[in-house]
Amino acid sequence: MHDDELRLVLYSHDRGGQGHARRNLALAGALARQLPVLTGRRTTGVLLTGVDVAASRAWPAGFDQVVLPGSGQDTDGRVPAAPAVPAARVRSEMVDAVLTDVRPHLVVVDGRPWGPDQELLEPLLRLRAGSPGTVVVLGLPEVLGESWAAAREWIAPEDLGLLQEAYDQIWVYGDPAVHDPLSTGEIPAALAGRVRCTGYLAEGRDPRRRTAGDDAPHVLTLAGAGPEGHRLALTAARTRVPHGHRHVLVTGPQMPEEHAAQVRAAAVPGTLVLPVLPDALAEVADAAAVVSSGGYTSVAKILGTHAPALVVPQAGAGPEQLIRARALQGHGAVDVLTADSLTGAAIGGWLHRVVGTVRPREHLSLDGLRVAPALAACLLPGPGAEDGAELALAGLSA
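Laid out in structure tokens, this is it:
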């Protein structure tokens, strides 16, 4: 550990799948690339995750990973029998140990400010007491859900003072012109002074070369997790895509093998069914059209391209995906197919209409992967860091 390096810790939980970890992975890559330029200091870090994402081809230089034990809920919302030692206690102790050992200059927490079962509460307050110079940021997707539900989910009114004590800023990874969680009440008005909207974490990702199948034109389906992801995958697998195109269908790593086998058995000729992609962004960027669930990470990848997109929101986890999809549809960024209208004919008809077209999205704020590092640099110590970061922010907003 060197005194002249910037040390980062990015935390994400595993409730609801891999989306939280994938979002932090993209952010870590941007911070690793840009903070040394903005601050003049070497940057290292640790990704604290509930799921293993170390196999990603986009792993950020200088970062390690610590995988926490499962938090006790799978993507279908089922809670297994209680272990002999409560997982929340083990996870909290591991978080505390990492923060104590790394002594970070910056901590970014994705989603819930205290994590599942408040596993972050004591470690963060202890960090604040022992290292008051550490910058702590809460990173949020642009949609939290209906305001009354969001308040119960991630903060109670009596906790506002505690949150203001623990967090320096709140980064909202979205465009307030599309959806503003402050105006909807999803984020309490008392926190408005800490909120910075970065734009979607869309542009600035680094796609590699396609690896799925050959270089023939293709359409892509990203099914998503849970029973609704299984239904979307089955429906898409049976769909005849436009002539001259292959269909690459990604079930996702969390689909049970029994369900994935059903999808493979249902697939019509010309459909390639895969559990994962080494680089999903490369497939999205080259796709003639994309059908996807409405999770933040999948949608952000789509927004950074010109590929036409049909978003099929999952309703089981709450209203977030539908709110996101409708907001983006209202700005001409995507088309939407709700679960009650999901049929092979609907998907096939949409594909035949849009293949050969493009969907420009430059009117949206998509540069969160550049804005967030500049915001971080403004908060961090370093010779000329604040001046350089403010210049970078000024250039992005010009």
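Its first residue numbered 59, the sequence shown is counted upward by one per residue in our numbering. Note that CB positions come from ideal geometry on N, CA and C, so glycine has one too.
L438 and A383 have their C-alpha atoms some 35 Å from each other. In the structure shown, the three-state DSSP call for A119 is coil. Comparing alpha carbon positions, the residue from H317, H305, R296 and C255 closest to G284 is H317. Per DSSP, reduced to three states, the secondary structure at A260 is coil, with no helix or strand assignment. In this structure, V369 keeps its C-beta atom at 9 Å or more from the C-beta atom of S399. Under DSSP, the beta-bridge partners assigned to Y231 are P199. Counting along the chain, H305 sits inside no alpha helix (DSSP H); it lies in the beta strand (DSSP E) bounded by residues R304 to V308. Classified as exposed, A248 has fewer than 16 neighbouring CB atoms from the shown chains inside 10 Å of its CB. Excluding the 5 residues flanking it on each side, A347 has same chain C-beta neighbours closer than 6 Å at V277, P366, L409, V412 and V413, in chain order. Contact check between the segment 253-260 and the segment 421-436: three or more CB pairs, one atom from each, fall below 8 Å, which counts as touching.
Separation of the CB atoms of A79 and F121 is rounded to 13 Å, and the pair is thereby denied contact status at 8 Å. Here A367 carries a strand assignment [DSSP, helix/strand/coil]. Taking A324 as the centre and dropping the five residues before and after it, the same chain places the C-beta of L292, A295 and R296 closer than 6 Å to its C-beta, in chain order.
Counting only runs that start and end inside the segment 371-451, the alpha helix (DSSP H) elements of at least 4 residues fall at 378-388, 402-412 and 426-437. In this structure, Y225 lies near L196, with their beta-carbon atoms less than 9 Å apart. A direct Cα-to-Cα measurement between V194 and A319 gives close to 44 Å.
The C-beta distance from T355 to G77 rounds to 5 Å, short enough to fall under 8 Å. Excluding residues up to 5 positions away in sequence, P239 lie with their Cβ nearer than 6 Å to the Cβ of I245 in the same chain.
For L427, the CB contacts under 6 Å within the same chain, skipping 5 residues up- and downstream, are A88, L259 and G262 in chain order. As DSSP reads the structure, D168 sits in a beta bridge with G197. Straight across, the Cα-Cα distance linking P327 with R289 is about 19 Å. Under the criterion of beta carbons closer than 8 Å, Q92 and P431 qualify as touching, at roughly 4 Å.
DSSP, reduced to helix, strand and coil, places T355 within a helical segment of the structure shown.
For H276, the enclosing beta strand (DSSP E) has its first and last residue at H276 to L280.
When C-alpha distances from L280 are compared across D273, R298, H301 and M313, the shortest belongs to M313. Cβ atoms of L433 and Q227 come within 8 Å of each other, at about 7 Å. When DSSP states are grouped into helix, strand and coil, S350 belongs to the strand group. Annotated three-state conformation of L182 is helix, per DSSP.
Comparing alpha carbon positions, the residue from D344, H71, P181 and P174 closest to A274 is D344. As computed with DSSP, Y225 is found in no beta bridge at all. Assignment of R254 by DSSP, reduced to helix, strand and coil, places it in the strand class. Bounds of the alpha helix (DSSP H) holding G87 are G77 to T97. Looking at the backbone, the Cα of G352 and that of T415 are separated by about 21 Å. A direct Cα-Cα distance of roughly 14 Å separates S150 from D159. In this structure, L307 is the residue among E315, V167, L307 and Q372 with its C-alpha nearest to the C-alpha of E341.
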